[in-house]
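Note that the sequence shown covers residues 10 to 254 in our numbering. Note that beta-carbon positions come from the ideal geometry of N, C-alpha and C, so glycine has one too. Here is the structure we will look at.
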Amino acid sequence: MTGAFIVLTAFVTAFLSGILGMAGGLVLMGALALVLPVSAAFVTHGILQLVANGWRAVVHRQYVDWTILRNYAVASFAAAALVSLVGYAPSRPMLFLLLGLVPMLVWLPRKWIQLDAAKMPHAMISGFMVTGLNLTAGVAGPLLDIFFVRTALTRHQIVATKAATQVFSHLAKILVYGAPLLAAHERGMPPLWVFVLAIPLSMVGTICGGWVLDRISDVNFKRYTALVVTAVGIGYLVKAAQAWM
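The structure is reproduced here in structure tokens:
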């Protein structure tokens, strides 16, 4: 039952990510944390999102800004090395709290934001901060979005470039949390058949989401993203409060 739930969720979240870029990963992390140990949820999320984002980047590869990607990748690996040295291990209530707080970043007033991922220093700051948050909260889409609100990129370029950057963030998640699981011979990861089914379904979901993306405007793209991730974030804050009661 848990495996079927993960497979279905992988498709739905890939579909959402194909349209809104970050909502899917947020939903998937929370869903996995409900049915798996926290470390296993991080690794499973990393594997599924690595494939989903990688495939999205391939599908929209003509829109990827490779300069942003190179600068992001360097800082991403630095963040992974730091978190690995610290040995951070979130509890389930803390994870849901962070998952609930991260989406609220979309409501920061745009006039406060002077960041632009097209600038080399900002892209590197993005790689370090987004990967660091990804390794502590499980997701960091709303933070990543802050670095793109002042770029001159179109919605297709935003989705494609963000997807490509997240390949590195999720790879870091797999390495940082997967290595200790293997070393300790801990169980809790879903069986192999879950990944065999979930990965191609994630690809299909990404393609379906891309069809919807082609049919919405840039204005509606940004509006719907903010509303969806905020609703999901509120749900996680309620879950965190219940866990601590």
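Jot down the residue ranges of each uninterrupted beta strand (DSSP E) in the stretch 174 to 239, minimum 3 residues, whole runs only, in chain order. DSSP runs (the beta strand (DSSP E)) wholly in the stretch 174 to 239: none.
Residues of its chain near V16, where Cβ-Cβ distance is below 7 Å and the 5 sequence neighbours each way are ignored: Here residue 16 refers to the residue found at position 7 when the sequence shown is read from its first residue. Around V16: V203, L206, A207, L210.
Given V60, which residues of its chain have a CB within under 6 Å of its CB, disregarding the five upstream and five downstream residues? In the sequence shown, residue 60 corresponds to position 51, counting from 1. In chain order, I208, S211 place their CB closer than 6 Å to the CB of V60, counting only its own chain and leaving out the 5 sequence neighbours on each side.
Is there contact between the stretch 236 to 250 and the stretch 89 to 108, where contact requires at least three CB pairs shorter than 8 Å? Here the stretch 236 to 250 lies against the stretch 89 to 108, with 3 or more beta-carbon pairs under 8 Å apart.
Just the Cα atoms here: how many angstroms apart are S93 and G147? Working through the sequence shown from its first residue, we reach residue 93 at position 84. Working through the sequence shown from its first residue, we reach residue 147 at position 138. S93 and G147 have their alpha carbons spaced roughly 14 Å apart.
Comparing C-alpha positions only, which one of V111, V44, V185, L35 sits nearest to G96? As a working note, residue 96 is residue 87 in the sequence shown. Taking each of V111, V44, V185, L35 in turn and checking the Cα distance to G96, the smallest one comes out for V185.
Please list, in chain order, all residues of the same chain as S48 whose beta carbon is under 8 Å from its beta carbon, the five residues on each side excluded. Locating residue 48 in the sequence shown gives position 39, where the first residue counts as 1. A98, Y186, P189, L190, E195, G197, listed in sequence order.
Can you tell me whether L117 is helix, strand or coil according to DSSP? Stepping through the sequence shown from its first residue, residue 117 is reached at position 108. Three-state result, L117: coil.
Do V52 and F14 count as a contact pair if the criterion is CB distance below 8 Å? On the sequence shown, position 5 is the one that residue 14 refers to. On the sequence shown, position 43 is the one that residue 52 refers to. Result no, Cβ atoms of F14 and V52 do not sit closer than 8 Å.
Please check the pair I28 and G218, which I expect to be a contact at CB under 8 Å, by giving their CB distance rounded to whole angstroms. Looking up residue 28 in the sequence shown gives position 19. Looking up residue 218 in the sequence shown gives position 209. In this structure I28 touches G218 by the C-beta definition: roughly 4 Å separates them, less than 8 Å.
Stretch pair the stretch 107 to 121 + the stretch 74 to 81: three plus CB contacts closer than 8 Å: Verdict: no, contact absent.
Taking the Cβ atom as the reference point for each residue, do T174 and Y81 lie within a distance shorter than 8 Å? Against the sequence shown, residue 174 aligns to sequence position 165. Against the sequence shown, residue 81 aligns to sequence position 72. Yes.
Quick one: give me the first and last residue of the alpha helix (DSSP H) that H131 is part of. Within the sequence shown, residue 131 is the residue found at index 122, counting from 1. Note, H131: alpha helix (DSSP H), 129 to 146.
Can you tell me which of the three DSSP states F156 falls into? For this step, residue 156 is matched to residue 147 along the sequence shown. Taken through DSSP and simplified to helix, strand or coil, F156 comes out as coil.
What does a CB cutoff of less than 6 Å around A32 pick up in its chain, not counting 5 residues either side in sequence? For the purposes of this step, residue 32 is taken as the residue at position 23 of the sequence shown. So the qualifying residues of the chain are L25, V237, V238.
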